[in-house]
Amino acid sequence: MTTILPSGGVASQFRDRNDAGKALSAALAKPVGEAPVLLALPRGGVPVAFPVAESLGAPLDVMIVRKVGAPGHPEFGIGAVAEGGIRVLDQEIIEQLGIPDETLSMLVDKAEAELDERIRRYRSNRPSVGIEGRCVMIIDDGLATGGTAVAAIRAARHAGAREVLVTVPVASREAVERLRLEADEVSALWIPASMKSVGAWYADFRQTTSDEVTDLLNRAAADDSRPKGRETHAVNITFASGPPLGADMTVPAGARGLVIFAHGSGSGRRSPRNRQVAADLQRAGLATLLLDLLTPMEEKDRRNVFDIGLLAGRLRAASIWAASQPLIDTLPIGLFGASTGAGAALVAAAIDGNVKAVVSRGGRVDLAGEALARVNIPVLLIVGSGDPEVFQLNRGAEAAMRGITELAVIPNAGHLFEEPGALEQVGELAAEWFVRNLDPPQMGR
């Protein structure tokens with residue numbers, strides 16, 4: 000659906016982006032029920048979205064997107080990349096310009112490197128607002144081609160948004176027609192018959208700085224700096240080297256510990272089984288961090304899936320990151336590993352003194368190799384009786400470890416614990432283990 004918002008007069012320039020945001024605020028109706036999550040496209044979309052967020056009482060965050068510029072004319076977009084590994088390329092324009100595949104690949108790599116740098120800048124010290132199951136409103140200072148907005152829409156849907164709206168001060172007819180195929184609703188104050196550029200609609204269209212973006216985001220978050228109840232926040236975990244990794248963090252009120260999940264091969268942070276176990280842990284008063292250990296590009300190389308050293312290093316980095324976050328920095332840390340993730344969790348536990356307990360579900364704990372002998376913390380190994388090969392591997396690992404170790408066998412359960420009631424037993428056992436073994440004197444109550 001396309002909506003032309005009531006603008007209150009004839010078409011004219013906005014003074015600046017803040018003025019455009021106030022004009023949007025005046026035109027938008029107050030939400031009935033839960034306000035949408037506002038996702039501004041940095042940098043120019045943030046000062047437009049800020050007064051809208053204030054007016055609607057809505058949370059404000061950014062959806063980080065980078066334009067892929069044409070060779071020699073970077074201002075002319077031939078596509079865009081966005082968080083979550085999203086790529087949108089205009090094949091028709093690429094063919095018209097005769098851009099070789101090698102050049103195109105270099106341009107996309109450059110845009111994704113810039114995307115990673117912006118994620119580090121805007122996400123390093125501030126958790127994202129969770130959008131799974133929620134309505135989101137994407138806001139920019141204007142739409143010329145709509146390429147970056149398409150990438151943002153797809154990234155929002157990939158992150159689980161229930162409904163995606165796009166709202167801008169001004170948009171070209173071509174962009175609106177393109178976005179109607181992607182968004183649930185496209186709204187603009189002005190959709191002119193002819194539009195040369197977005198900047199022509201502003202008296203002051205100076206480039207927004209990164210510091211201005213950070214300041215506005217911090218101001219927007221100031222009144223809601225701690226999650227209430229059991230809200231889930233999307234976060235990006237950054238490293239000294241390597242790409243940032245997406246994660247979902249849930250912190251119950253009065254959390255007594257943090258459990259970091261290490262998924263198995265072919266899985267990720269949205270694994271239904273890990274989410275079910277995480278919910279059991281949250282009900283027991285434990286914070287959870289479900290993260291993707293590999294980027295979508297890295298997952299394509301199957302060698303990475305079984306690179307236990309790489310995966311363990313990512314878990315170690317997640318532990319270090321957690322220790323720097325105000326919401327969870329005082330919480331003792333446990334690791335929950337499934338399949339190959341269990342091997343990585345045990346290697347990480349062998350080298351990370353902050354890890355206080357581990358639970359393995361159907362784990363390939365044998366992949367931890369010689370590191371097993373250096374694990375000196377409480378470890379619970381959960382296997383199904385219908386998974387004899389993994390059972391034998393876990394018995395061997397149990398004997399190799401030096402700390403308190405228990406092997407729990409769930410009757411009639413297979414490797415994936417898909418049988419009725421099997422995963423519920425996993426959740427109960429894991430919650431009891433972590434509550435008992437995460438160090439009470441260090442608990443952030």
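Residue numbers for the sequence shown follow numbering that gives the first Met the number 0, so the first one is 0 and each next one is one higher.
By construction, the Cβ of each residue, glycine as well, lies at the ideal position given by its N, Cα and C atoms.
Contact between proline 58 and leucine 40 is absent: CB atoms are separated by about 16 Å, not below the 8 Å threshold. The segment 352-362 makes no contact with the segment 294-301, as fewer than three CB pairs between them are under 8 Å.
By the beta-carbon neighbour count (other beta carbons within 10 angstroms, threshold 16), isoleucine 403 is exposed.
Distance from the CA of glutamine 275 to the CA of phenylalanine 433, rounded to the nearest whole angstrom, comes to 16 Å.
Under the rule that a run must span 3 or more residues, the beta strand (DSSP E) segments found entirely inside the segment 169-194 read 184-189. In this structure, DSSP gives methionine 400 a state outside helix and strand, which the three-state scheme calls coil. Here DSSP, grouped into helix, strand and coil, assigns glycine 383 to strand.
The Cβ atoms of isoleucine 259 and serine 318 lie closer than 8 Å to each other. Every alpha helix (DSSP H) of 4 residues or more that sits fully in the segment 241-286 is shown, in chain order, as 271-282.
With respect to arginine 360, valine 425 sits close: the two C-beta atoms are nearer than 8 Å. A contact is defined here as three or more CB-CB pairs under 8 Å, and the segment 66-83 meets this definition with respect to the segment 107-115.
The segment 245-253 makes no contact with the segment 388-401, as fewer than three CB pairs between them are under 8 Å.
Around the beta carbon of proline 50, 16 or more other beta carbons lie within 10 angstroms, which makes this residue buried. Nearest C-alpha to arginine 153 among Ala182, Asp89 and Val61: Ala182.
For aspartate 60, the beta-bridge partners assigned by DSSP are Leu38. Annotation: threonine 213 to valine 45 spans about 9 Å, alpha carbon to alpha carbon.
DSSP places histidine 72 inside the beta strand (DSSP E), whose first and last residues are 72-81. Ranked by Cα distance from aspartate 365, the options Val358, Ala343, Leu379 and Gly383 are led by Ala343. Assigned with DSSP and collapsed to three states, glycine 336 falls in strand.
Rounded to whole angstroms, valine 250 and leucine 330 show a C-alpha spacing of 11 Å. Under a 10 Å Cβ-count criterion, asparagine 217 is classified as exposed, with fewer than 16 other Cβ atoms of the shown protein chains found around its own Cβ. According to the DSSP secondary-structure assignment, leucine 290 is paired through a beta bridge with Ala246. The alpha-carbon of isoleucine 130 is positioned some 27 Å away from that of aspartate 108.
Counting other Cβ atoms within 10 Å of its Cβ, arginine 42 reaches 16 or more and is therefore classed as buried. Per DSSP, reduced to three states, the secondary structure at asparagine 303 is helical. In the three-state reduction of the DSSP assignment, serine 54 falls in the helix class.
Classified as exposed, methionine 105 has fewer than 16 neighbouring CB atoms from the shown chains inside 10 Å of its CB. A distance below 7 Å between beta-carbons, with the five flanking residues on each side excluded, links serine 209 to the following residues of its chain, in chain order: Arg42 and Arg120.
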